[in-house]
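Line by line, the protein sequences are chains A and B. Counting in the numbering used here, the first sequence runs from 1 upward without gaps. Counting in the numbering used here, the second sequence runs from 84 upward without gaps. From the three backbone atoms N, C-alpha and C, an ideal C-beta is built for every residue, glycine too. All of these numbers come straight from a predicted model, not from anything done at the bench.
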Amino acid sequence: MTREQIGQAIVDIITDIIPDEDCSSLDPDQALRDQLDLDSMDFLDIVMELRKKYGVEVPESDYPQLATLTSCIDYLEPKLADK
Amino acid sequence: MEPGARIVITGVGLASPNGDNLAEFRSNLLAGVSGVEPYSIRYFGDTVAGVCHFNTKKYQTRKELRVGTRAGSIAIYCSNEAVQDSGLPWAELDSSRTGVYLGITEHGNVETEGEIHEIRKYDDNIRYWSHYHNPRTVANNPAGEVTINLKITGPHYTVGAACAAGNLGIVQGCQQLRLGEVDLALAGGVSESIRTFGIFAGFNSQNALAVHEDPTRASRPFDKARNGIVVSEGGAVFTLERLEDAQARGAKIYGEIAGYAANSDAMDMVLPFQERQAECIRKAIQRAGMEPGDIHLVNTHATGTPAGDVQECAAIRSVFGDSPQTYVNNTKSFIGHAMGAAGALELAGNLPSFDDLIVHHTINVDDLDPECALPNLVHEAPVQAEKLDTILNNSFGMLGINSVLIVKRVQS
């Protein structure tokens, strides 16, 4: 997957998790939780959906790397290179 | 503590298979309109059920619906509707003085079955098991979801009492008001049971699941051809207040909790027992300071099983044999068996009788079973009563739990 595709995949996942919010114009370098009403259970949903949809396992120690859209893409790019 | 406090119903919110509010529900009961429809569920396949069609988005966001349970959603809808109906100045209330008490038959089967079904797609790998499993399956879930939705900071819990639970949710609210624990109770019962295949399969294995080519005719208590239960979902929540509080704010009063009783058969896991049912009915009447002849309407629990209906009719006959002016009816014939919601929902459907003096009939009685032929069983058409001041509501459940609730008109 390209960086753009990965970014879109993340946005799609978040849109499903918090369907009442507008996720179309996120600042990629600002923390997701500062821009959206995402609680800790929602965050676990993101991790679960990455596991279900892309077979990516995100260990708890790596959670901080999913803070912003850009850091998500940086973190997932090598893991999704072959997807 | 005010053990003698008079407790009244001031608001009604409900979700029934044949109505999303009391006016619609009542209208369909008087018009003979069933809420039972074709239904299909995984593993079990095609059957019939009472399915609710209320607008789930009326009081919940899409995220709340995604995260919560169906029982929670029904409870939230009913609670909001009850609060609105009550006319209570919600924003001005001390939310710590409101309690939520909901009867449930069971809770957690739907969510657990769903999770097992989900991880099957992933070779039963528990890494795919939802982190929502526990908050969705804890027994207080439906009541807890109401407190989150309505920002109620008083107590909340459910009362697990099989199919006697709807009445007992109301009893719990009444007791907590009398104890002085709260000033307002949201009390009633809810059920999401049609979302678990297990309840259908279980009744089917017990030869107690209704089968009929026409879904609207499947639930047929007292009819000779009855062959079991129609499983339904639904809920009814009432706002309960002390009489003086309700009168002080000029509230509409639907009725007063006049008496109640609960007891146990101490006999069998599933079979009902008319002697203990009769004891429970007598105890409730006695506590209400009444005689059997003071009861103008008995709303039966009868579910349409061959044995159960006969047992209840025997109990009613033994208590009301000398009071032929007592009408008897059945609401499950319209909506099926809403399990933990049944007692509360069936009471709600009959409360308007205090206003219109009409007793809704029991549908689908084509060939009355002689063993169920109670005097004044209303089964061909609604009956206009001369006097209707009291309703006695029966709800019985598995493991031999019996509950009886009496509601009376408050004279204005």
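Span separating the alpha-carbon of Leu430 of chain B from that of Phe127 of chain B: 31 Å
Contact set for Ile187 of chain B: own chain, Cβ-Cβ below 6 Å, skip 5 residues either direction: For Ile187 of chain B, same chain residues with a beta-carbon under 6 Å away, outside a window of 5 residues either side, are Thr241, Gly243, Ala248 and Gly423 in chain order.
Check: Ala9 of chain A C-beta below 7 Å from any heavy atom of the ligand NAD: What this structure holds is no ligand at all, so the ligand NAD is not there to describe.
Closer than 9 Å at the beta carbon, the chain B residues around Met41 of chain A: Val150, His214, Tyr215 and Pro218
Euclidean distance between Cα positions of Ser288 of chain B and Tyr122 of chain B: The alpha-carbon atoms of Ser288 of chain B and Tyr122 of chain B are separated by roughly 18 Å.
Touching by the beta-carbon criterion (3+ pairs, under 8 Å), the region 298 to 309 of chain B and the region 200 to 215 of chain B: no
Integer-rounded CB distance, given that Ile13 of chain A should sit under 8 Å from Glu57 of chain A: In fact, because the Cβ distance is near 15 Å, the residues do not count as touching under 8 Å.
Local conformation of Thr501 of chain B per DSSP, three classes: A question about residue 501 of chain B goes unanswered here, because the residues of chain B that appear run from 84 up to 495.
Which residues DSSP lists as bridging Val183 of chain B, in chain order: B:His239 and B:Leu269
According to DSSP, residues forming a beta bridge with Leu292 of chain B: B:Ile312
Own chain partners of Ala464 of chain B with C-beta closer than 6 Å, once the 5 adjacent residues on each side are dropped: Close CB contacts of Ala464 of chain B within its chain, under the 6 Å cut and outside five residues either way in sequence, are with His444 (chain order).
Local Cβ density within 10 Å of Thr152 of chain B, reported as buried at 16 or more and exposed below that: buried
Bridge partner(s) assigned by DSSP for Tyr205 of chain B: DSSP, once it has assigned bridges, lists no residue as partnering Tyr205 of chain B.
Cα-Cα separation between Pro172 of chain B and Thr68 of chain A, rounded to whole angstroms: The alpha-carbon atoms of Pro172 of chain B and Thr68 of chain A are separated by roughly 43 Å.
For Ile378 of chain B: DSSP bridge partner residues: In the DSSP output, where bridge partners are listed per residue, Ile378 of chain B has none listed.
For Val221 of chain B, the nearest candidate out of B:Ile277, B:Ile202, B:Ala154 and B:Val393 (CA to CA): B:Ala154
Listed by chain order, chain B residues near Arg33 of chain A by CB distance under 9 Å: Under the 9 Å cutoff, chain B gives no residues; its nearest Cβ is about 15 Å from Arg33 of chain A.
Member of B:Ile418, B:Phe417, B:Ala421 and B:Ala341 whose CA lies at the smallest distance from the CA of Thr473 of chain B: B:Ala341
Chain-ordered neighbours of Thr139 of chain B on chain A, where CB pairs are closer than 7 Å: What Thr139 of chain B touches in chain A: nothing, since even the nearest Cβ is about 13 Å away.
Ile489 of chain B, DSSP secondary structure in three states: strand
Test: Lys53 of chain A CB closer than 8 Å to a CB of chain B: no
Status (buried if at least 16 other CB within 10 Å, exposed otherwise) for Asn208 of chain B: exposed
Under 7 Å by beta carbon: chain B residues contacting Leu44 of chain A: His214
Local conformation of Asn287 of chain B per DSSP, three classes: helix
Minimum C-alpha distance to Leu262 of chain B - residue among B:Val461, B:Thr144 and B:Met84: B:Met84
Contact belief for His384 of chain B with Phe479 of chain B at Cβ below 8 Å, rounded distance in angstroms: 5 Å
Beta-carbon proximity of Glu339 of chain B to Leu326 of chain B, cut-off 8 Å: Their beta carbons are under 8 Å apart, which means Glu339 of chain B touches Leu326 of chain B by this criterion.
Ser117 of chain B, buried or exposed, once every other Cβ within 10 Å from all chains shown has been counted against 16: buried
Min CB distance Tyr211 of chain B to chain A below 8 Å: yes
Span of the alpha helix (DSSP H) around Arg89 of chain B: No alpha helix (DSSP H) contains Arg89 of chain B, which DSSP labels as neither H nor E.
For Gly227 of chain B, the three-state DSSP class (helix, strand or coil): helix
Neighbour-count burial assignment, Lys491 of chain B, 16 or more Cβ in a 10 Å radius: buried
Selected residue, minimal CA-CA separation from Arg365 of chain B, among B:Leu354, B:Pro355, B:Ile378 and B:His190: B:Ile378
Coarse secondary structure for Asp16 of chain A, derived from DSSP in three states: helix
Close Cβ partners of Thr386 of chain B (< 7 Å) along its chain, the five nearest in sequence each way excluded: Pro304, Ile312, Lys415 and His420
Rounded C-alpha distance that separates Leu482 of chain B from Ala165 of chain B: 31 Å
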